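What follows is a single structure, written as structure tokens, with notes after it.
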Ligand code: F3S
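In the working numbering, the protein residues as written are 20 to 413.
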């Protein structure tokens, strides 16, 4: 590959991977099973990213299955939803270039809900912080934090350098978290993740003391929060996640211990409160599962909204929800279902919104700076009640 026998794109991409491996002291390359490519939103990629992918698409194809991350528009319905034409056309060009390379157009931060589901111990190359932490922690597959260019390089070569979280020694926990208040819902798991992420930064925590097994949506929420208040790419849950039958199996020789109880939970929830009634509710960060679409449809059946409600979802989950009748219930209530995108990655800034409510720690964290709004972190049920009543005091 480095000699150029397989063409200039593969040589260039392999050089990128060799340079990366040299920086991190990798001794070899590893074959990977698949890629989840970030850098798909034109808002992030810009013209430089668009040109890079267009040029690559004229020279080669992905050799392993490669799913594509969230974009900057609802690609099925961008005009009706008010996305600026210039931006949308550039985004569609970027989508087309990735698809020409064989990228799978799921356009989501939850590729594991749309068929990209690596198994325990498999090596992959994923981008998007909430997806990286899910694949490492919940599935037990192995990835570093890939950016757009390195994910593309991994996709066309089928290789990554062996360093970081691909190696056993870097998957050990250097923080022990004692949970003293059992989370009761997905929002509580997000609050737990937010608190722990703030303290541990880029390290690996093992979380102990949970009595109940969290559902998939709770782990989706917790991982996204851990990766946004901090930069956590791997956590273990004692007795729950696949590499952690017990804490001894994952703890490093040296580690720090912290506790999470009612005081720490209150600190997170107090940070995310509104001083006025919400004028926007956002669900689906990371993108909604079919289960969440069902819960929202059941809660809003026959009701009308008083605030704007964005529900962010992948195309494949949208299609399943449409067949189940959920999307028509949600749209009749006045909800806006955003396929392929989300407030963080789309260009639509705020429409004058001032106060957003969400069940996502990640969205609550980012929407403040990006849209210059206040944000509150509440349960899915309370978010939907607030969207119906127009009041935040649920
Ligand atoms: Fe996904 Fe956007 Fe949240 S990419 S994780 S919905 S910020």
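Just so you know, even glycine gets a beta-carbon here, dropped at the ideal spot from N, CA and C.
If you're wondering where the values come from, they're calculated on a predicted model, not measured in any experiment.
Other residues of its chain near residue i: CB distance less than 8 Å, five sequence neighbours each side excluded
i, result
"residue 166", "57, 58, 146"
"residue 265", "257, 258"
"residue 26", "78, 79"
Environment of residue i [buried if 16+ CB atoms lie within 10 Å]
i, result
"residue 347", "exposed"
"residue 323", "exposed"
"residue 284", "buried"
"residue 424", "Residue 424 lies beyond the range of the chain shown here (20 to 413); nothing can be said about it."
"residue 241", "buried"
"residue 382", "buried"
"residue 236", "buried"
"residue 159", "buried"
"residue 360", "buried"
"residue 272", "exposed"
"residue 414", "Here the chain comprises residues numbered 20 to 413, so residue 414 is not present and cannot be evaluated."
"residue 354", "buried"
"residue 87", "buried"
"residue 98", "exposed"
"residue 414", "Since the first residue of the chain shown is 20 and the last is 413, residue 414 is not available in this structure."
"residue 316", "buried"
"residue 68", "buried"
"residue 342", "exposed"
"residue 280", "exposed"
"residue 66", "exposed"
Contact belief for residue i with residue j at Cβ below 8 Å, rounded distance in angstroms
i, j, result
"residue 91", "residue 106", "7 Å"
"residue 278", "residue 199", "6 Å"
"residue 270", "residue 195", "7 Å"
"residue 129", "residue 306", "5 Å"
"residue 28", "residue 75", "6 Å"
"residue 220", "residue 192", "Their Cβ separation, rounded to whole angstroms, is 14 Å, which puts residue 220 and residue 192 out of contact at 8 Å."
"residue 183", "residue 43", "6 Å"
"residue 181", "residue 50", "Not confirmed; about 10 Å, so no contact."
"residue 330", "residue 299", "Actually they are not in contact, since the Cβ atoms of residue 330 and residue 299 sit about 12 Å apart, beyond 8 Å."
"residue 118", "residue 52", "That pair is no contact at about 21 Å."
"residue 137", "residue 154", "6 Å"
Sub-8 Å separation of residue i and residue j beta-carbons
i, j, result
"residue 252", "residue 151", "yes"
"residue 408", "residue 325", "yes"
"residue 294", "residue 412", "no"
"residue 80", "residue 120", "yes"
"residue 303", "residue 332", "yes"
"residue 239", "residue 201", "no"
"residue 357", "residue 93", "yes"
"residue 177", "residue 82", "yes"
"residue 334", "residue 125", "yes"
"residue 297", "residue 376", "yes"
"residue 336", "residue 89", "no"
"residue 210", "residue 388", "no"
"residue 179", "residue 48", "yes"
"residue 206", "residue 227", "no"
"residue 288", "residue 396", "yes"
"residue 233", "residue 254", "no"
"residue 71", "residue 110", "no"
Same chain, Cβ closer than 7 Å to residue i, neighbours up to 5 away in sequence not counted
i, result
"residue 314", "399"
"residue 64", "58, 113, 167"
"residue 30", "20, 21, 23"
"residue 344", "none"
"residue 339", "309"
"residue 103", "366"
"residue 385", "247, 363"
"residue 39", "169, 180"
"residue 352", "319, 322, 323, 324"
Beta-carbon proximity list for residue i, same chain, < 6 Å, skipping 5 on both sides
i, result
"residue 73", "116"
"residue 148", "246"
"residue 406", "300, 324, 326, 328"
"residue 163", "183, 184"
"residue 32", "172, 175, 176"
"residue 318", "403"
"residue 410", "296"
- Message: List, from N- to C-terminal side, the beta strand (DSSP E) runs of 3 residues or more that fit wholly inside the segment 207 to 267.
- Response: Fully enclosed beta strand (DSSP E) runs of 3 or longer: 224 to 227.
- Item | Start-end ranges of the beta strand (DSSP E) lying completely within the segment 327 to 378, minimum 3 residues | Those beta strand (DSSP E) runs which fall completely within the segment 327 to 378 and span 3+ residues are 327 to 332, 355 to 358, 374 to 377.
- May I have a chain-ordered list of the alpha helix (DSSP H) segments no shorter than 4 residues that lie completely inside the segment 99 to 145? 104 to 119
- What are the uninterrupted segments assigned as beta strand (DSSP E) that are 3 or more residues long and contained completely in the segment 33 to 88, given in chain order? You should have 48 to 50, 54 to 56, 85 to 87.
- Quick one: complete alpha helix (DSSP H) runs, 4+ long, within the segment 377 to 410? 380 to 390, 399 to 408
- Message: Restricting to runs no shorter than 4 residues, where is the alpha helix (DSSP H) found entirely within the segment 139 to 210?
- Response: 148 to 156, 167 to 176
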